[in-house]
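By this note's numbering, the letter at position 438 of the sequence shown is numbered 674, and the numbering carries on one by one without gaps. For reference, the structure is listed below as structure tokens.
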Amino acid sequence: MTDPQIAVMMLGIFIFVIMLGFPIAFTLMALGVAFGYYAYYDPARMQTIFDNRIFDLLVNQTYSVMANDVLTAVPLFLFMGYIVERANIVSRLFSTLQIAARRVPGSMAVAALITCALFATATGIVGAVVTLMGLLAFPAMLKARYDVSFASGVICAGGTLGILIPPSIMLIVYAATSGVSIVQLYAGALLPGMLLAGLYVVYVIGRATLDPKVAPKLRDDEFEPIGTGKLMLLLATSFLPLALLISSVLGAILFGLATPSEAAAVGALGGLFLAAIYRALTWDRLRESVYLTVRTSAMVCWLFVGSWTFSSVFSYLGGEHVIATFVTSLDLTPLMFLILAQLIIFLLGWPLEWSEIIIIFVPIFLPLLAQFGVDPLFFGILIALNLQTSFLTPPMAMSAYYLKGIAPPQIQLVQIFRGCMPYLAMVLIAMALLYIFPQIVFWLPGLVYGAR
237 MTDPQIAVMM LGIFIFVIML GFPIAFTLMA LGVAFGYYAY YDPARMQTIF DNRIFDLLVN
297 QTYSVMANDV LTAVPLFLFM GYIVERANIV SRLFSTLQIA ARRVPGSMAV AALITCALFA
357 TATGIVGAVV TLMGLLAFPA MLKARYDVSF ASGVICAGGT LGILIPPSIM LIVYAATSGV
417 SIVQLYAGAL LPGMLLAGLY VVYVIGRATL DPKVAPKLRD DEFEPIGTGK LMLLLATSFL
477 PLALLISSVL GAILFGLATP SEAAAVGALG GLFLAAIYRA LTWDRLRESV YLTVRTSAMV
537 CWLFVGSWTF SSVFSYLGGE HVIATFVTSL DLTPLMFLIL AQLIIFLLGW PLEWSEIIII
597 FVPIFLPLLA QFGVDPLFFG ILIALNLQTS FLTPPMAMSA YYLKGIAPPQ IQLVQIFRGC
657 MPYLAMVLIA MALLYIFPQI VFWLPGLVYG AR
């Protein structure tokens with residue numbers, strides 16, 4: 237077999253092994269070392285079995301990941317999210333927004349979507365947002381006689397927004413993988429994120445208006461009258477603190493007042509400060525937040541180590557050249573290439589998490605972008621939009637499974653799947669709008685940092 241054929245076999249073995257359920261990070265490292273041992277085998281320097289350059293490569297890749305300044309922001313943003321999650325801020329926020337939107341059709345669903353968007357922005361962890369909002373908002377909507385599928389779709393779709401809306405951890409990982417400026421990625425993702433959240437809210441209000449049975453309006457005796465002054469006070473003590481924390485962190489990054497790592501550190505400190513103000517900062521919550529932060533950060537870092545080792549060997553054997561030659565031979569237009577790439581990423585989203593897709597498979601597409609004249613910034617935002625679908629598409633819709641895990645026993649998985657379907661259409665509409673009007677992505681980076 238030739239080296240390129242071995243590289244293709246290496247990729248095939250990897251896909252087969254992860255389908256069996258083996259840990260992905262260690263599978264990548266094991267395959268990288270095994271095939272790298274063959275690729276870098278040099279009898280002239282092999283005095284012992286460890287005198288192979290693959291071991292030097294593995295050590296260097298590990299050091300490069302741990303010394304990567306961009307990735308420093310990941311544990312800090314994670315810590316901010318976990319602290320906010322455990323400080324009961326989200327429950328206060330949902331209650332206040334529910335009161336503020338009580339006259340709007342589908343008021344609870346609108347309040348849940350806005351809360352999801354803010355909380356998802358703070359934490360960026362889909363499972364955490366869906367689980368917490370499933371415990372807070374889902375029972376409230378069911379009690380208010382909301383349609384089960386309608387309520388399920390709101391929680392599942394709203395919980396995925398943190399992948400796209402800055403300060404998104406997914407965009408940090410993409411920046412570290414692609415070399416695109418994280419600051420410009422954040423600027424480019426802001427309008428698409430607001431667009432998608434806006435489409436969700438428009439759909440919810442429209443559906444509740446056209447079909448009031450799915451989201452019955454609260455009767456006057458179901459909520460106590462509240463004056464404007466008290467409502468303003470509730471918003472000032474629940475919505476405003478979290479919104480200020482997120483906007484100050486994001487604003488500091490976008491306007492160059494701080495690096496992402498510095499802003500993330502301030503955000504983590506702000507999360508601690510908010511938890512202390514709300515009297516929710518206990519030793520147990522702090523310890524649990526630190527533990528979860530370390531565990532998730534370690535997973536991301538080891539995925540990078542395994543992926544970079546694997547991709548280095550894959551490229552050395554000629555695998556990237558094989559893929560590039562194959563794609564070029566298809567004679568695709570830039571639009572056809574983008575659609576093909578997004579279709580592949582959509583399919584990968586069924587068995588894999590977003591982190592695995594970004595770290596392992598996106599680097600395969602990156603060398604092809606220049607050939608088709610595709611901006612890596614635009615490509616990254618499309619991926620962030622596309623990955624919303626991976627959490628919402630049956631049969632592997634992880635958001636649905638997160639919600640099912642904490643939903644009442646009588647709620648069936650098929651009901652949750654049914655509720656997710658309209659939001660898939662919203663994602664596809666948003667992606668189509670980005671294809672047609674790419675300035676949705678480029679306008680803000682061009683305005684703040686100059687034309688691209």
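Glycine is no exception: its CB is placed at the ideal position from the N, C-alpha and C atoms.
Say the cut is 8 angstroms; is the CB of residue i nearer than that to a heavy atom of the ligand ADP?
i    : result
Y514 : Ligands in the displayed structure: none, and consequently the ligand ADP is not present.
Alpha carbons only, please: which of the options is nearest the one belonging to residue i?
i    : options                   : result
V366 : G389, Y382 and R381       : G389
D292 : D305, A661 and Y277       : Y277
A636 : T396, D383 and V598       : T396
Y436 : A516, A348 and A425       : A348
A643 : L329, C392 and M344       : C392
V684 : V419, I462, L467 and A511 : V419
Q646 : P375, L247 and P631       : P375
L628 : L664, I594 and F597       : L664
L660 : G394, A516 and G272       : G394
L669 : N296, F546, T464 and N622 : N622
L588 : I260, S385 and Q578       : I260
F653 : V346, G686, M634 and G682 : M634
G686 : A345, P341 and F491       : F491
V320 : M265, T298 and R515       : R515
T357 : P341, G342, G398 and L431 : G398
R289 : M302, G272 and A303       : G272
L649 : A666, P630, P658 and M667 : P630
Q241 : V549, A488, V677 and G641 : V549
I361 : R339, I401, G442 and P341 : I401
P341 : V558, F582, P658 and K449 : K449
I575 : T561, Y671 and Y527       : Y671
M204 : L372, D239, V269 and Y439 : The structure shown does not extend to residue 204, since the chain is modelled only from 237 to 688, so the question has no answer here.
Y382 : G655, I676, A411 and M667 : G655
L431 : M667, G682 and D287       : M667
M237 : L553, R338 and I581       : L553
K640 : L368, L294 and R338       : L368
A364 : L294, M265, T529 and Y299 : T529
V485 : L566, G257, P403 and S543 : P403
I581 : A620, L571 and S551       : A620
S533 : F286, F252, L372 and N304 : N304
Report back the beta-carbon spacing between residue i and residue j to the nearest angstrom; my notes put them in contact at under 8 angstroms.
i    : j    : result
A451 : A444 : 4 angstroms
W590 : S626 : 7 angstroms
T332 : S474 : 4 angstroms
A345 : A387 : 7 angstroms
I593 : G585 : 7 angstroms
Q334 : T545 : Contact doesn't hold; Cβ gap of about 49 angstroms is too wide.
A243 : G555 : 3 angstroms
V598 : T413 : 6 angstroms
What is the residue span of the alpha helix (DSSP H) that residue i lies within?
i    : result
T473 : T464 to L490
S404 : Taken as a continuous stretch (DSSP letters only), S404 belongs to no alpha helix (DSSP H), as it is neither H nor E.
P631 : Counting along the chain, P631 falls outside any alpha helix (DSSP H), and DSSP gives it neither H nor E.
I647 : Where I647 is concerned, there is no enclosing alpha helix (DSSP H), given that its DSSP letter is neither H nor E.
G682 : Q675 to Y685
G370 : V362 to K379
L333 : I325 to A336
A387 : V384 to G395
Using a Cβ cut-off of 9 angstroms (strictly closer), state whether residue i contacts chain D.
i    : result
A380 : Among the chains of the structure shown, chain D does not appear; only one protein chain is present.
Mind listing, in chain order, the continuous alpha helix (DSSP H) runs of no fewer than 4 residues lying wholly within the segment 254-311? 260-275 and 289-302
Between the segment 610-627 and the segment 593-602, can you find at least three pairs of beta-carbon atoms closer than 8 angstroms? yes
Pairs of beta-carbons, one from the segment 319-326 and one from the segment 424-442, closer than 8 angstroms: are there three or more? Touching, no, given that fewer than three Cβ pairs across the two stretches are closer than 8 angstroms.
For the structure I just gave you, are there three or more beta carbon pairs, one from the segment 502-516 and one from the segment 312-319, closer than 8 angstroms? yes
In the segment 412-438, which residue ranges form an unbroken alpha helix (DSSP H) of at least 4 residues, counting only runs that do not cross its ends? none
Inspect the CB distances between the segment 334-352 and the segment 535-549 and report whether three or more fall short of 8 angstroms. no
Can you list the alpha helix (DSSP H) stretches of 4 or more residues lying completely in the segment 504-560, in chain order? 519-552
Considering only residues of the segment 579-623, which uninterrupted alpha helix (DSSP H) runs meet the minimum length of 4 residues and lie entirely inside it, listed in chain order? 598-608
I'd like to know if the segment 506-517 and the segment 468-481 are in contact, where contact means that at least 3 CB-CB pairs between them fall below 8 angstroms. Enough Cβ pairs lie closer than 8 angstroms, so yes.
Determine contact between the segment 238-258 and the segment 516-527, defined as no fewer than three beta-carbon pairs at a distance below 8 angstroms. no
Just checking, does the segment 293-311 make contact with the segment 489-499 on the three C-beta pairs under 8 angstroms criterion? The answer is yes - the segment 489-499 touches the segment 293-311, with three or more Cβ pairs under 8 angstroms.
The segment 396-408 in contact with the segment 616-624 per 3-pair CB rule at 8 angstroms: yes
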